[in-house]
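Each remark here refers to the structure printed beneath this line.
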Amino acid sequence: MLHYVWELVRRTTLTAALLVVLIGSDASMVHSQIVFGTESGYDSGGIDPVCWLSQFSPNISGVVPNDIESMNVGLQKSPQSVTLMPSCFNGTRFAVLPLDLGADRVLITEQNYTFRLNLEVNLTAISTNVTAEILDGKSRVFFRLLMCDAIREGFCDPLRDLQGARIDQENSSDVTQPVQQGGEEEDDNRFEYIQGDALQAVGKGQLIFTRWIQWTLRELEPGDEMYRTAVNITIQLPSATRVGAYFFIGHAVMSFPSGGSELYERIDVADAVPDNVVQIENPQVITKVSFAMIIALSVIIGICSTIAFLMLLFVLYHLNHTVIRLAQGPFLAALVVTCLVNIIFTFTALPTRSIFCTLRQPMVILPSTLMACILVGRMWRVYTTLSTALGFGGGRMKSINDTNSEDSLSKAIVRLLGLLASVAFCCSSRPDSSGRNTLRRTVSARETTSLIVMLFLPQLLLQVVSLFVYSADIETQFELSGDSAREVCDGENRGRWVSLIGLCYTAGMHILAVFIAWVARELPSAFNEKDQIFSSAIVCTIITFLCITMLEIADDPATPPDIE
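Residues in the sequence shown are numbered consecutively from 1, following UniProt numbering.
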């Protein structure tokens, strides 16, 4: 017996102390007589709605029935009249269902989210003295959405700070509808709502809420005590909303005259979304290619392509000149054309369109590889021709041959290139070089072309296969933190290995050109071509390795898309 008495005293003391703390902390806040302790409501981890019951007299308090703002003011003046029910009224059901909220329960600011509020009420279960103020079987009900800081607030009490819930029309306007100004029409329509319009939420302290909307509560059958309604409310959180975890509830308010007396019954019903808590986050910043980068790249491409085009015109105009003929004019022109194509298609490096993602790899790597192959072919032709010509030089050529004979690798590579150059003559006789007047024609242009084609063929096959087998499109890559992202070309679908193999093969061709020029360093400079090829091959090789490095840097999601 003493145990039960002690337990009753302890619970009463704790409840009284809690009420003193909560009410005394802010006299302007409304708190129900029982702050916690429903049987299966969301405050105790349950799934049932939570109900509050209060009474007011319009004649005494001056409260206007069916006016939510007036009722809130009246409730603010007499908070002791509010009672939190241990369990909601029999037959009263309320549910807040998210229609487009993901499984992660994340609300992104400045985006629209729709919630369906279903309310069903049994008037007889509320009180036998309640008679619905009904016109053709319908009555008013007010709805709003409310969020409380889950960490700082815990239990989300919709009756807290009701006076602050009266939002100015300027702050509570629908996002998709203009604000109506002035006169009685504005006052009469301030609670109207069109489904689909987004309500701009407003934050105050640890609370975030929408304006009140008025809806119709209809009876299921004529003369039936069951009333039901449903509304879809779309909400948008402003960008200044503090991120974090929030308790998300829907709040419904009804008022009915109680029998023949002057009292009115106010019923507050609230329920939380499934899982109770949502996470508010700011939208992820998706970085795109800047307009300044597009302009800058366009200007650079225009300048470089103009220079390359003028060089091509110069080579073609002087194609029969002795110097151009010694510099292998047709191959020099082909080199300039390839360079021009490479420059023009540099714009595909910017991930602005899906077609650019598809074309940028083959249209950048293929011309670069072809340039390296042309350099190798020209240098191989110079080396072979001068070596053959100097074979008539006796002692000097002997010293050169002695030096070259010590380098087995050089001989092997030159011999391999000669075999590749002769592939075109497998099914036809090798052209006779006898009777020609120039020593340079000891190696024919056909052999040089054959060598260039054979060196270029693997890269061509690789890029053609990747173009038809793999798809490429613009994708959004997120950082590990998930706060920001960037738009880049899809590297996974294309296959990062294709890019790496292609760039490595291009670098290998440039290195081969440098090696051939290095082998020919002892040859006389009378023809004055190997030094220029050597310099250009070194520059192209350095650029290719820089491209490989940039490819790895661009693979980091934190890298801006302008680097792509």
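All C-beta atoms, glycine included, are put in the ideal place defined by N, C-alpha and C. As the structure is a computational prediction, the values presented were derived from the model and not from experiment.
Check for me: the alpha helix (DSSP H) holding Glu-447 runs from which residue to which?
Per DSSP, Glu-447 belongs to the alpha helix (DSSP H) from 445 to 469.
With DSSP collapsed to three states, give me the class of Asp-157.
Secondary structure at Asp-157: coil, using DSSP grouped into helix, strand and coil.
Using only the alpha-carbon positions, how far apart do Leu-145 and Trp-212 sit?
In this structure, the straight-line span from the alpha carbon of Leu-145 to that of Trp-212 is close to 8 angstroms.
Exposure label - Asn-232; buried when at least 16 CB within 10 Å:
The residue is exposed, with fewer than 16 neighbouring Cβ atoms inside 10 Å.
Examine the Cβ distances between the stretch 86 to 100 and the stretch 58 to 77 and report whether three or more of them are shorter than 8 angstroms.
Not touching, per the Cβ criterion.
Chain-order list of residues whose beta-carbon lies under 6 angstroms from that of Ser-466 (same chain, five-residue window excluded)
Apart from the 5 residues on each side of it in sequence, Ser-466 sits with its Cβ closer than 6 angstroms to the Cβ of Val-498 in its chain, given in chain order.
Within the same chain, show all residues whose beta-carbon is closer than 7 angstroms to that of Leu-316, passing over the 5 residues directly before and after it, in chain order.
Correct list, in chain order: Ala-333.
If you pair each beta-carbon of the stretch 350 to 365 with each one of the stretch 441 to 451, do three or more pairs fall below 8 angstroms?
The answer is no - the stretch 441 to 451 does not touch the stretch 350 to 365, with fewer than three Cβ pairs under 8 angstroms.
So, is Lys-204 buried or exposed, given that buried needs 16 or more other C-beta atoms within 10 angstroms?
Under this definition Lys-204 is an exposed residue.
Assigned exposure category for His-321 - 16 Cβ within 10 Å defines buried
Classification of His-321: exposed, given that the 10 Å Cβ count is below 16.
Where does Asp-157 land, buried or exposed, given buried means 16+ other C-beta within 10 angstroms?
Asp-157 sits buried, since 16 or more C-beta atoms from the chains shown fall within 10 Å of its C-beta.
Report yes if the CB atom of Ile-108 is closer than 8 angstroms to the CB atom of Glu-219, and no otherwise.
No, they are not a contact pair.
Suppose you measure from the CA of Leu-409 to the CA of Leu-416; what does that come to, to the nearest Å?
One C-alpha to the other measures close to 10 angstroms.
Give the C-beta separation of Gln-214 and Phe-191 to the nearest angstrom, bearing in mind that I take them to be a contact with Cβ-Cβ under 8 angstroms.
Contact flag correct, Cβ pair sits at about 4 angstroms.
The alpha helix (DSSP H) that contains Pro-330, what's its start and end?
Unbroken alpha helix (DSSP H) run through Pro-330: 329 to 344.
Quick check on Ser-434: does DSSP put it in helix, strand or coil?
Confidence in Ser-434 is poor, its pLDDT being 45 and thus under 50, which makes the residue's placement unreliable; the coordinate value appears in the next sentence. Note: Ser-434 maps to coil in three-state DSSP.
Any chance the stretch 118 to 127 sits against the stretch 292 to 310, with 3 or more Cβ pairs inside 8 angstroms?
Touching, no, given that fewer than three Cβ pairs across the two stretches are closer than 8 angstroms.
Beta strand (DSSP E) containing residue 565: first to last residue?
In the structure as shown, the chain starts at 1 and stops at 564, and residue 565 therefore has no counterpart that could be examined.
Once you ignore the five residues that flank Leu-217 on each side, which residues in its own chain have a CB closer than 8 angstroms to its CB?
Closer than 8 angstroms at Cβ, skipping near neighbours: Leu-119, Val-121, Lys-138, Ser-139, Arg-140, Val-141, Tyr-227, Arg-228, Thr-229 and Met-254.
If you drop the 5 nearest sequence neighbours on each side, which residues of the same chain put their C-beta closer than 8 angstroms to that of Phe-345?
In the same chain as Phe-345, and ignoring 5 residues on each side of it, the C-beta atoms closer than 8 angstroms to its own belong to Leu-359, Arg-360, Met-363, Val-364 and Pro-367, in chain order.
Please name the residue, chosen from Glu-262, Ile-300, Val-269 and Gln-111, that lies closest to Asp-197 on a Cα-to-Cα basis.
Closest option to Asp-197, Cα to Cα, is Gln-111.
Taking the alpha-carbon positions, what's the Ala-372 to Val-106 distance?
Using only the alpha carbons, I get a separation of about 53 angstroms.
Ignore the nearest five residues each way along the sequence and tell me which others in Val-519's own chain have a CB closer than 6 angstroms to its CB.
Once the five neighbours on either side are set aside, the close Cβ partners of Val-519 are Ser-410.
Quick one: grab the DSSP three-state call for Met-254.
Three-state result, Met-254: strand.
Buried/exposed call for Gln-195, threshold 16 Cβ in 10 Å:
The residue is exposed, with fewer than 16 neighbouring Cβ atoms inside 10 Å.
So which of Ile-516, Phe-356 and Ile-324 has the shortest CA-CA distance to Val-414?
Val-414 has its Cα closest to that of Ile-516, out of Ile-516, Phe-356 and Ile-324.
Per DSSP, cross-strand counterpart(s) of Phe-191:
Phe-191 is not bridged to any residue.
Quick one: Cα of Asn-72 to Cα of Val-273, how far?
Distance between the alpha carbons of Asn-72 and Val-273 is about 24 angstroms.
Check the DSSP bridge columns for Lys-204 and list the partner residues they point to.
Its beta-bridge partners are Leu-207.
Could you tell me how far apart the beta carbons of Thr-49 and Val-269 are, in whole angstroms, since I believe they sit closer than 8 angstroms?
With the sequence shown as reference, residue 49 is identified as Pro, and Thr is not the correct amino acid for it. That belief holds up - the Cβ atoms of Pro-49 and Val-269 are roughly 5 angstroms apart, short of 8 angstroms.
How should Asn-342 be labelled, buried or exposed, when 16 other C-beta atoms within 10 angstroms of its C-beta is the threshold for buried?
By the neighbour-count rule (16 or more Cβ atoms within 10 Å), Asn-342 is buried.
Hey, Gln-463 and Tyr-505 are a contact pair by Cβ (cut 8 angstroms); roughly how many whole angstroms apart?
Between Gln-463 and Tyr-505 the beta-carbon gap is near 10 angstroms, outside 8 angstroms, which marks them as no contact.
Between which residues of its own chain and Ser-40 is the CB-CB distance below 6 angstroms, once the five residues before and five after are set aside?
For Ser-40, same chain residues with a beta-carbon under 6 angstroms away, outside a window of 5 residues either side, are Gly-46 and Asp-48 in chain order.
Starting from the Cα of Gly-250, find the closest Cα among Leu-97, Leu-84, Ser-78 and Leu-310 and give me that residue.
When each option's Cα is compared against that of Gly-250, the closest is Leu-97.
Cβ-based neighbour list, Ser-81, same chain, cut-off 8 angstroms, excluding 5 preceding and 5 following
Excluding sequence neighbours, Ser-81 sits near Ser-54, Gln-55, Phe-56 and Leu-75.
Does the Cβ of Glu-262 have 16 or more other Cβ atoms within 10 Å, making it buried, or fewer, making it exposed?
By the neighbour-count rule (16 or more Cβ atoms within 10 Å), Glu-262 is not buried but exposed.
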